[in-house]
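To convert, take the position in the first sequence, counting from 1, and add 807; that gives our numbering. The C-beta atom is built at its ideal place from N, Cα and C for all residues, glycine as well. Nothing here was measured: the structure is a model prediction, and the numbers come from that model.
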Amino acid sequence: MVEITLPDGAKRQYDGSTSGMDIATSISPGLAKKALAVTVNGQAWDLSREITEDSEVAIIVRDKGTEEALEIIRHDCAHVLAEAVQELFPGTQVTIGPNIENGFFYDFYRADPFTTEDLEVIETKMHEIIARDEAFERQVMDRDAAIEFFKAKGEQFKVELIQDLPQGETITLYSQGDWIDLCRGPHAPTTGKVGKAFKLLSVAGAYWRGDSNREQLQRIYGTAFEDPKSLRAHLTMLEEAAKRDHRKLGKELDLFHMQEEARGGVFWHPKGWRIYTELEKYMRYRLDGAGYEEVKTPQLVDRKLWEDSGHWEKFREHMFTTGDAADDDAGILALKPMNCPCHVQIFNQGIKSYRDLPLKMSEFGSCHRNEPSGALHGIMRVRAFTQDDAHIFATPEQVTEQTKEFCTLLMQIYADFGFTDVVVKFSDRPETRAGTDETWDKAEGALREAIEDAGLPYTMNPGEGAFYGPKLEFVLRDAIGRDWQCGTWQVDFVLPERLDANYIAEDGSKQRPVMLHRAILGSFERFIGILIENYAGKLPLWLAPTQVTVATITTDANDYAEEVVAELKSRGIRAVSDLRNEKINYKIREHSHQKVPLVAVVGRREADERTIALRTLGGKDQEMMALDAALEQISDLTRAPYS
RNA sequence: GCUGCUGUAGCUCAGGGGUAGAGCACGUCAUUGGUAAUGACGAGGCCGGGAGUUCGAAUCUCCCCAGCAGCACCA
């Protein structure tokens, strides 16, 4: 007798053993029809798999589109894709085909890459396989037998996968008709359950096991949903993301451009630079308020300092240098790729006392890194960028408090930009690391205590810390649900040692400070890119390059319009006039496209009555206001969070 | 850096072995209008760069360069 507990708490008994399908059928035929798989004590299983012990069971059905259901549908779809590819392109080897966020991919080994036209052919074949409604059948195979099996099929990559599975791991294969693949499962009962709501999206190269020294594979990306409506919604979201692309908006809104002669460098146009300087003003205000002292350090620094800091050894390939860096002669300078060694140089001037700590040194640090060409991406990943960098020199005892203080500042700043959905990742000690276990215990403990005190939820990122200390990474979620890692907080015991930073403690002894590396925006360039995409170009009023455009209806209102602009400007509002000989419809349309937040329309009537008709971006109508009241209101609306 | 795709007017793109097209933007003129496109006319291009095939190359081939997607990388 097996007792099954369902999610609603109901209990059912079955003789001997049962299966997900038996349970679903016994509840209702309708349920059995919709069922894809089953969770048994929290683990996803095939419907046909025998349940021999008392268990908590939930049937996974397709129609709600739950995470569990999508997992099954997408993975089934990946198998169908692989079968289609091997039917159409004999000799292609299969490798892996996992689910990813919003879809799945499958990597194939094949001399010729797939083309976009191939995708259509493959999709058609997939529909065929789904129509065949072949049963997914699970079979357990002995390790050696499995290796032999895939060797005989000429599937080298599967052989390698099995060889790397831990001894004793159950090896399962799933077949659908004549096609068979190594797979952990589970799967739906038949290929027909994949349905029609799937789409192959793109092809790309990928490396076997993510290793650029290994074979280049051909990856096919796809996605699948529970019904065509959800698929369409997802495709619409992708289009929406493309519309927000900061590279496209940067051009359309005349914010910046990039060109061949300065790859990875940004040419900021007046409007884009306005956003940048407003952002900088804002950050300077917040950092001043938080007790930071701003500094500026040299761009070109002798290679010796980078050798001392340890960066030369690890990153020289990515550093821009003067002269011939391969030549060991002295006198080679490097454009700074980061600011920390320079900040230590400032700290090291004179003698520091424990009374000077914590010492918070900030810099809007311009850095250059010779990023690999394929890594460049608009203004988000560039070779010349400016970090909102700072280093806090502290005693070990101050780490907890400093961490808390930092988290508060960071959350406040993110909130000012409208980002409230922030998650923290805690990266602890990596395998190869500097410092004793005792030091690491202390550092990690201090961080954990601080993050818990700060009340921020966090997830562990095991082994991902820097070699010199643990770190926190701050990831914010944007308006269309994409995650961006921006902030960072790193505890460093190593650099103060390497660059011989010290302070005099209360007892007169010489001590090493801890260095806390931190950034909130990350880089101005990237953060502005994120802002543009988050707001789809419609920046909040305080950041908008042009805040108000005063547009005239007739030339009779020109003088008055100029007067209004002058009044606005005298209040520090970024206003321009549009006196062009165009119809008001045309002007409204153009300024709307330019995403100007406020348009003040003035015609003969407004000029006579000293009013304006104020229109808000995206609004349907306008508000008639007396000029004085309007000036006051606009001043209010455009006020930055710090003023 | 790797694989693939792309590169034509300021922008978005069509075309394609016989030296170039559209819309928008731009300029001139007319129009003075009431909240998302007034009309007419005009100007604008070494068809990414180099080499080759050809009587002839923007078009075909090769090599570069850059952009895009993904991978790898991100102190």
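With 16 other CB atoms within 10 Å as the buried threshold, where does Met1090 fall? buried
Helix or strand or just coil, what does DSSP make of Ala1286? coil
Take Val864 as the anchor and find which of Val809, Arg1333 and His1064 has the nearest alpha-carbon. Val809
With the cut-off set at 8 Å, would you say Thr977 and Val947 are in Cβ contact? yes
Would you list, in sequence order, the uninterrupted alpha helix (DSSP H) runs of no fewer than 4 residues that lie entirely inside the region 1370-1423? 1391-1400 and 1411-1416
The alpha helix (DSSP H) that contains Gly1096, what's its start and end? Pro1077 to Gly1096
At what residue ranges does the region 997-1027 contain a whole run of the beta strand (DSSP E), taking only runs of 3 or more? 1005-1014
For my contact list, Thr1210 and Leu1164 are in at a C-beta cut-off of 8 Å; report their separation, rounded to the angstrom. Contact flag wrong, Cβ pair sits at about 15 Å.
Let me check understanding here. Comparing Cα to Cα, which of Arg1093, Phe1200, Thr1227 and Glu1059 lies closest to Val1403? Glu1059
At what residues does the alpha helix (DSSP H) containing Asp1223 begin and finish? Val1206 to Asp1223
Three-state class that DSSP yields for Glu1109 in the structure shown: The question names Glu, but residue 1109 is Asp in the sequence shown. Asp1109: strand per DSSP, three-state reduction.
Could you have a look at Ile1327 and say whether DSSP puts it in helix, strand or coil? strand
Between which two residues does the beta strand (DSSP E) harbouring Gly945 extend? As written in the sequence, residue 945 is Arg, which differs from the Gly given in the question. Residues Phe943 to Met948.
Trp1378, buried or exposed, once every other Cβ within 10 Å from all chains shown has been counted against 16: According to the sequence provided, residue 1378 is Arg. The question's Trp does not apply to it. So Arg1378 ends up on the exposed side.
Sequence-distant residues of the same chain with beta carbon closer than 7 Å to Leu1421, five excluded per side: Leu1405, Ala1407, Gln1429, Glu1430, Met1432 and Ala1437
Which residues in the same chain have their Cβ closer than 8 Å to the Cβ of Glu1033, if we skip the five residues on either side of it in sequence? Arg869, Asp870, Lys871, Gly872, Ala876, Leu877, Ile880, Gly1002 and Ala1004
Would you decide whether Glu1238 is buried or exposed? Buried here means 16 or more other CB atoms lie within 10 Å of its CB. exposed
Kindly give me the distance between the Cβ atoms of Gly1072 and Phe1063, rounded to whole angstroms, as I take these residues to be in contact under 8 Å. With 8 Å as the limit, Gly1072 and Phe1063 do not qualify as a contact, their Cβ atoms being about 10 Å apart.
Is the beta carbon of Val892 less than 8 Å from the beta carbon of Phe915? yes
Sorted by chain position, which residues of the same chain lie with C-beta nearer than 6 Å to Ala1351's C-beta, five sequence neighbours on each side aside? Pro1404
Separation of Val1301 from Lys1050, as counted between CA atoms: 45 Å
Between the Cα of Leu895 and those of Thr1128, Glu857 and Glu935, spot the shortest distance and give me the residue it belongs to. Glu935
Lys1055, DSSP secondary structure in three states: helix
DSSP on Met808, reduced to helix/strand/coil? coil
When you compare each of Arg917, Ser1173 and Glu1204 to Val1298 by their alpha carbons, which one comes out closest? Glu1204
Since Arg1325 and Ile1153 should fall inside the 8 Å C-beta cutoff, what is the C-beta to C-beta distance between them, to a whole number of angstroms? Their Cβ separation, rounded to whole angstroms, is 16 Å, which puts Arg1325 and Ile1153 out of contact at 8 Å.
Considering Cα atoms alone, identify which of Gly1138, Leu1107 and His1150 is closest to Glu1101. His1150
Consult DSSP for Ala1141 and reduce its assignment to one of helix, strand or coil. strand
Under the rule that 16 or more other beta-carbon atoms within 10 Å means buried, what is Lys1376, buried or exposed? exposed
Would Arg921 and Ala885 be called neighbours here (beta carbons separated by less than 8 Å)? The amino acid at residue 921 is misidentified as Arg; the sequence shows Phe. Not closer than 8 Å, so no.
Let me check one thing: in DSSP terms, what residues is Trp1296 bridge-paired to? Leu1279 and Arg1325
Cα-Cα, which of Thr1362, Val1355, Ile1339 and Tyr981 is closest to Asp1443? Val1355
Tell me the DSSP bridge mates of Gly1172? Gln1194
Quick check: Glu941 and Gly984, are their CB atoms within less than 8 Å of each other? yes
Looking at the structure shown, is Glu908 part of a helix, part of a strand, or coil, going by DSSP? coil
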